[in-house]
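> In case it helps, the UniProt record's numbering puts the sequence shown at residues 1 to 285.
Cβ coordinates follow ideal geometry from the N, Cα and C atoms, glycine included.
Computed from a predicted structure; not experimentally measured.
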Amino acid sequence: MKKVLIVGYSRSGTTLVSKVFSLIDKVYVEVEPHATWRLGNFRYLNDEDYSISDKIVTRIREKLLKDVPSDYVFVEKSPINSLRPHLVHAVFPDAKIIFIERDPVKCIKSNYKFAKKGYSFSLSVILKKYSSTKVKFDKTNNNKKDNFHSKSIKEQIDFKDVFGLSLYALQMSLIKMFKTVPFGPKIKGFTSIIKQKGLIAYYIEALKSVETYRCDYERLYQDNFKHFYLEDFLANKEIQRQMLEFSGVPYNNENLIEIEGLFSKSENSREELLDRQIQKHLDDH
Numbered sequence: 001m002k003k004v005l006i007v008g009y010s011r012s013g014t015t016l017v018s019k020v021f022s023l024i025d026k027v028y029v030e031v032e033p034h035a036t037w038r039l040g041n042f043r044y045l046n047d048e049d050y051s052i053s054d055k056i057v058t059r060i061r062e063k064l065l066k067d068v069p070s071d072y073v074f075v076e077k078s079p080i081n082s083l084r085p086h087l088v089h090a091v092f093p094d095a096k097i098i099f100i101e102r103d104p105v106k107c108i109k110s111n112y113k114f115a116k117k118g119y120s121f122s123l124s125v126i127l128k129k130y131s132s133t134k135v136k137f138d139k140t141n142n143n144k145k146d147n148f149h150s151k152s153i154k155e156q157i158d159f160k161d162v163f164g165l166s167l168y169a170l171q172m173s174l175i176k177m178f179k180t181v182p183f184g185p186k187i188k189g190f191t192s193i194i195k196q197k198g199l200i201a202y203y204i205e206a207l208k209s210v211e212t213y214r215c216d217y218e219r220l221y222q223d224n225f226k227h228f229y230l231e232d233f234l235a236n237k238e239i240q241r242q243m244l245e246f247s248g249v250p251y252n253n254e255n256l257i258e259i260e261g262l263f264s265k266s267e268n269s270r271e272e273l274l275d276r277q278i279q280k281h282l283d284d285h
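#1: Do Val-20 and Leu-262 have their C-beta atoms closer together than 9 Å?
#2: Residues in its own chain within less than 7 Å of Phe-239 by CB, not counting five upstream and five downstream?
#3: So, for Lys-179: in the same chain, excluding its five sequence neighbours on each side, which residues have a beta-carbon less than 8 Å away from its beta-carbon?
#4: Can you check whether the CB of Lys-176 is closer than 9 Å to the CB of Ser-120?
#5: Quick one: Cα of residue 297 to Cα of Glu-260, how far?
#6: Checking the sheet assignment: what are the DSSP bridge partners for Glu-30?
#7: Out of curiosity, what's the CA-to-CA distance linking Arg-102 and Gly-40?
#8: For my contact list, Asp-94 and Lys-226 are in at a C-beta cut-off of 8 Å; report their separation, rounded to the angstrom.
#9: Are Ser-82 and Gly-8 touching if we call contact CB-CB under 9 Å?
#10: In angstroms with no decimal places, state the Cα-to-Cα distance between Leu-199 and Ser-10.
#11: Please tell me whether Arg-61 and Phe-92 are closer than 9 Å, where the distance is taken between their beta carbons.
#12: State yes or no: is the C-beta of Met-172 within less than 9 Å of the C-beta of Leu-87?
#13: Which residues share a DSSP beta bridge with Tyr-229?
#14: Between which two residues does the alpha helix (DSSP H) harbouring Leu-87 extend?
#15: Between the Cα of Ile-100 and the Cα atoms of Ile-108, Tyr-112, Arg-214, Phe-114, which residue gives the shortest distance?
#16: What's the C-alpha gap between Gly-164 and Leu-170?
#17: For the candidate residues Gly-13, Ala-90, Asp-71, whose alpha-carbon lies nearest to that of Pro-104?
#18: For the alpha helix (DSSP H) containing Ile-193, list its first residue and its last residue.
#19: Thinking just about the alpha-carbon of each residue, which of Ser-166, Glu-32, Ser-209 is nearest to the one in Ile-187?
#20: List the residues that DSSP assigns as beta-bridge partners of Leu-5.
#21: Could you check which residue in Lys-26, Val-27, Arg-241, Glu-32 has the C-alpha nearest to that of Thr-15?
#22: Helix, strand or coil for Thr-14, going by three-state DSSP, please let me know.
#23: Between Ser-150, Leu-167, Gly-118, which has its C-alpha nearest Leu-65's C-alpha?
#24: If I measure Cβ to Cβ from Asn-252 and keep anything under 8 Å in the same chain, skipping five residues before and after, which residues do I get?
#25: So, helix, strand or coil for Thr-140, using DSSP?
#26: Residues in the same chain with beta-carbon distance under 8 Å from Arg-84, minus the five sequence neighbours each way, listed in chain order, please.
#27: Can you tell me which of Ala-115, Glu-155, Glu-205 puts its alpha carbon nearest to the alpha carbon of Gly-184?
#28: So Lys-96 and Asn-224 are in contact, right, with Cβ under 8 Å, and what is the actual spacing, rounded?
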């Protein structure tokens, strides 16, 4: 079975890229099975620290591939894996890695806005998102089923994991009551960084960490690693084709037309002041 992992920080475009793959026949897309990737590691509140053992690796792999037909290409995306190259490589050493980066100002601004709206570790959002297994449908194409899956919490973990997950959720909820919790993957010392430097500075630190881990991915996967910028991917059909060719999925010209229909230019509204603030922070670093 071919495996393709879409890796990138939150709000970098990984959902859109995974949606592209979901339009193609014989492709199974699994979206953000975060609890599965945390198996054996619920004691860590940040996403950079984790333990790797044969047992942990086997459990993660078996959970992720459980329902995937053997003749399908497995495509998965989890933003926390932008900070976890060694765990990902241990689980899927033969996968192809599509690493997505977005213009840092836009990426930081989007994460900042989501954090300010309270989406960081929102239990209501988590329950809505993971209370049941979801298979989404493309309503614009005669209700054609696409292969965009999101497993429920109970499918992502086993009964023995309930205590660890519950304790993790309780600790994160308590932190959120008294401190700012960033939206998206959390680097070491996230509460201290935000308290001392602010939320925008936190995201700059996080993206710097992602750059370091990108180099680790490239070293670990070598020819099975390819790096794309979201803006180039959206604007250039040849780059879209290059991504599909690299992944090895069985696409056709009809798929390319469907992909073009996905892309919208509606994200052009800007908060100029916030853009300038973020750019100044980036320049200072």
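To lay it out plainly:
#1: yes
#2: The identity of residue 239 in the sequence shown is Ile, whereas the question assumes Phe. Taken in chain order, the residues that qualify are Phe-228, Asp-232, Phe-233.
#3: Thr-191, Ile-194, Lys-195
#4: yes
#5: With the chain covering only 1 through 285, there is no way to say anything about residue 297.
#6: Glu-76, His-149
#7: Straight across, the Cα-Cα distance linking Arg-102 with Gly-40 is about 31 Å.
#8: With a Cβ gap of about 15 Å, Asp-94 and Lys-226 do not count as contacting.
#9: yes
#10: 15 Å
#11: yes
#12: no
#13: Glu-101
#14: From DSSP, the alpha helix (DSSP H) with Leu-87 extends over 85-91.
#15: Arg-214
#16: Gly-164 and Leu-170 have their C-alpha atoms spaced approximately 10 Å apart.
#17: Of the candidates Gly-13, Ala-90, Asp-71, the one whose C-alpha sits nearest the C-alpha of Pro-104 is Gly-13.
#18: Unbroken alpha helix (DSSP H) run through Ile-193: 190-197.
#19: Ser-209
#20: Glu-76, Ile-97
#21: Glu-32
#22: helix
#23: Selected option, being the one with the closest Cα: Ser-150.
#24: none
#25: At Thr-140, the pLDDT of 42 sits below 50, so the modelled position is not reliable and the matter cannot be decided from this model.
#26: Trp-37, Asp-47, Glu-48, Tyr-50, Tyr-213
#27: Ala-115
#28: 5 Å
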